[in-house]
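Asks: Heads up: the sequence shown begins at 0 in numbering that gives the first Met the number 0, then just goes up one per residue. Don't be surprised by glycine CBs; every beta carbon is placed ideally from N, CA and C. Pasting a structure here, questions to come.
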Amino acid sequence: MIVKCKKLYQDAKLPERASAGANGYDVYAYHVVSKETKMHLSDLPVDIPPGGSVHIGIGIMMGVPCDCAIRPRSGLAIKHDIELSNSPGTVDPDYRGEVGVLLRNRGEKPYRVEKGTRIAQLIFTHVETPKIVVTEDLPVTQRGIGGFGSTGYFDIALGDGEYLRAQAKLDAHFMRIAVSASILSDCLRGATRGADGRYVLDAHGAYVGACRKFGCIIVKDGNIVAQGYNTRADGCSEEEGCIRERLKIPSGTSLERGCLHAEEVAIQNHAMSGGPSLKGATVYVNGEPCLMCAKLLGGCGISCVVVPDGVYLTNGLQYLRDGGVEVRNIALEA
C-alpha cells in the first residue's frame with residue numbers, strides 16, 4: 000500500500016515509524032492552526048494550559064487509500080496527561096486538507112509543544128462500507144435486546160457455561176444426523192469402478208470412493224423439519240457416470256450441472272411436506288454450502304448454519320455471514 004503525501008512546507012517532516020515493529024506512524028508538530036479556519040495561526044513553540052487544547056498542524060496533506068486513524072501517543076499521555084480531544088481522529092480517503100491534531104492538556108501543568116515534537120500516531124487499516132438496508136427482522140441472537148452493560152463486568156451470565164454446553168450437545172446430535180443422511184447420497188463423483196466396469200458398493204450399499212457425499216438437515220424449534228442429501232439428476236447414471244467428471248467441470252463452476260445438492264433437496268422436501276416457516280431455523284450440513292445453496296438458504300430466512308471444522312471453503316459461508324446469518328463450526332466425531 001502506498002500513501003501519497005504533499006508537503007505544505009519544505010521542512011515539514013513526513014510520518015514515520017519509530018521502530019521496525021511499530022504499527023503507528025509518528026507525526027511531527029509543525030505549527031498552530033485555527034480550529035475554525037484551519038489556517039496558520041502561529042509558529043511553535045506553544046504552551047497548552049491545564050484543561051486547554053490547541054490545534055496543531057503537521058504541515059502535510061495526505062491521500063490515503065484506506066482508513067487512517069489519528070491516535071494519541073502513550074508517552075505523552077503517561078508523562079504529561081496529553082491526549083487527543085477527538086480520539087481517535089480520522090483522515091478520510093477523500094480529505095485533501097492539512098492533517099491536524101487536536102491536543103488537550105489533562106494535566107495540572109502547562110505543556111509546551113515544540114516544532115518537531117512527535118504528537119500523535121497514524122494507524123492505517125482497511126474498512127468495510129456496507130450497504131444499510133431496512134428490514135422487518137434481524138437475525139436471532141442469544142443476547143437479544145440487552146443493551147449497555149447487559150453482558151456484565153465479571154461472570155458471564157448469558158451465553159457461557161451451561162448454555163454453551165447444551166448448544167454443543169445439540170449441535171453434535173444434529174450433525175450426526177446430517178452425516179448419516181450423507182450416507183444415502185447416490186452421487187457418483189469420485190466413486191470407484193470395478194474390473195467389470197460397475198461401481199463398487201460397500202456393506203451399506205454406498206458407493207466406495209464417492210467424494211461428494213453430503214447431508215443436510217433443517218431444525219426448527221428443536222425439531223427436524225426437513226432433510227436432504229446429494230441426489231443424482233439428469234446427466235448422471237451408473238452407465239454413463241458423473242457428468243461433471245465426464246465433462247471435466249471444475250469444482251465451484253457450472254453448479255447447475257450434476258447432482259442436486261443436499262441443501263436443495265432438503266428445501267424441496269420441506270416444500271413438498273408443507274412444513275413450518277424456515278424463518279429462524281438452523282441448518283446442519285457436513286460440507287460448506289456453495290454460493291447457489293447459500294442464496295437459497297439465506298432467502299428462506301434461516302438464522303444459523305452449522306458446519307464441520309475444516310470444511311472445503313468456497314464463498315457460500317462468507318455470503319451467509321455477510322447477510323447476518325450466524326455460522327458455527329463443530330468438530331466431527333471420529
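(1) Pairs of beta-carbons, one from the region 85-93 and one from the region 26-40, closer than 8 Å: are there three or more?
(2) To the nearest whole angstrom, what separates the beta carbons of L277 and I217, a pair I think is in contact under 8 Å?
(3) With DSSP run on the structure shown, which of helix, strand or coil describes R343?
(4) Compare the beta carbon distance of R227 and A205 with 7 Å and say whether it is the shorter of the two.
(5) Report all residues from its chain with a CB closer than 8 Å to the CB of G106; omit the five preceding and five following residues, and keep chain order.
(6) In whole angstroms, what separates the C-alpha of S149 from that of A280?
(7) Quick one: what's got a C-beta closer than 6 Å to G345's C-beta in the same chain, skipping five residues either side?
(8) Could you check what DSSP says for C292 in three-state terms: helix, strand or coil?
(9) What is the rounded straight-line gap between the Cα of T124 and the Cα of K130?
(10) Mapping DSSP to helix, strand and coil, what is I301?
(11) Hey, N285 and V178 are a contact pair by Cβ (cut 8 Å); roughly how many whole angstroms apart?
(12) Assuming V304 and L319 form a contact by the criterion Cβ under 8 Å, report the distance between their Cβ atoms to the nearest whole angstrom.
(13) Terminal residues of the continuous beta strand (DSSP E) containing R117?
(14) Give the secondary structure of A316 by DSSP, where H, G and I count as helix, E and B as strand, and everything else as coil.
(15) Give me the Cβ distance between D170 and I329, rounded to the nearest whole Å; I'm assuming they're in contact under 8 Å.
Replies: Answer, in terms of the structure:
(1) Contact fails: fewer than three Cβ-Cβ distances are below 8 Å.
(2) Translated into positions along the sequence shown, residue 277 becomes position 278. Translated into positions along the sequence shown, residue 217 becomes position 218. Distance from L277 to I217 at the Cβ level is roughly 6 Å; contact confirmed, criterion being Cβ atoms closer than 8 Å.
(3) Coverage of the chain is limited to positions 0 through 333, which leaves residue 343 absent and any answer about it impossible.
(4) For the purposes of this step, residue 227 is taken as residue 228 along the sequence shown, with counting starting at 1. For the purposes of this step, residue 205 is taken as residue 206 along the sequence shown, with counting starting at 1. Per the sequence shown, residue 227 should be read as Gly rather than Arg. Cβ atoms of G227 and A205: not closer than 7 Å.
(5) As a first step, residue 106 is located in the sequence shown; it is residue number 107 there, counting from the start. So the qualifying residues of the chain are P49, H79, D80 and I81.
(6) In the sequence shown, the residue the question calls residue 149 occupies position 150. In the sequence shown, the residue the question calls residue 280 occupies position 281. Bear in mind that a pLDDT of 44 at S149, under 50, signals an unreliable position, so the number given afterwards is only what the model happens to contain. CA-CA distance, S149 to A280, rounds to 25 Å.
(7) A question about residue 345 goes unanswered here, because the residues of the chain that appear run from 0 up to 333.
(8) The residue given as residue 292 occupies position 293 in the sequence shown. DSSP, read as helix, strand or coil, puts C292 in helix.
(9) Position 125 of the sequence shown, counted from the start, is the residue given in the question as residue 124. Position 131 of the sequence shown, counted from the start, is the residue given in the question as residue 130. Going by the C-alpha atoms only, they are around 20 Å apart.
(10) One-based indexing of the sequence shown puts residue 301 at position 302. In the structure shown, I301 sits in coil (DSSP, three-state: anything other than H, G, I, E or B).
(11) By 1-based counting over the sequence shown, the position of residue 285 is 286. By 1-based counting over the sequence shown, the position of residue 178 is 179. About 5 Å separates the beta carbons of N285 and V178, which is inside the 8 Å limit, making them a contact pair.
(12) If you number the sequence shown from 1, residue 304 lands on position 305. If you number the sequence shown from 1, residue 319 lands on position 320. The beta-carbon separation of V304 and L319, rounded to 6 Å, stays under the 8 Å limit for a contact.
(13) Numbered from its first residue, the sequence shown carries residue 117 at position 118. R117 to T124 is the extent of the beta strand (DSSP E) around R117.
(14) The sequence position of residue 316 within the sequence shown is 317, counting from 1. According to the sequence provided, residue 316 is Leu. The question's Ala does not apply to it. Helix at L316.
(15) Sequence index remark: in the sequence shown, residue 170 carries index 171 (1-based). Sequence index remark: in the sequence shown, residue 329 carries index 330 (1-based). With 8 Å as the limit, D170 and I329 qualify as a contact, their Cβ atoms being about 5 Å apart.
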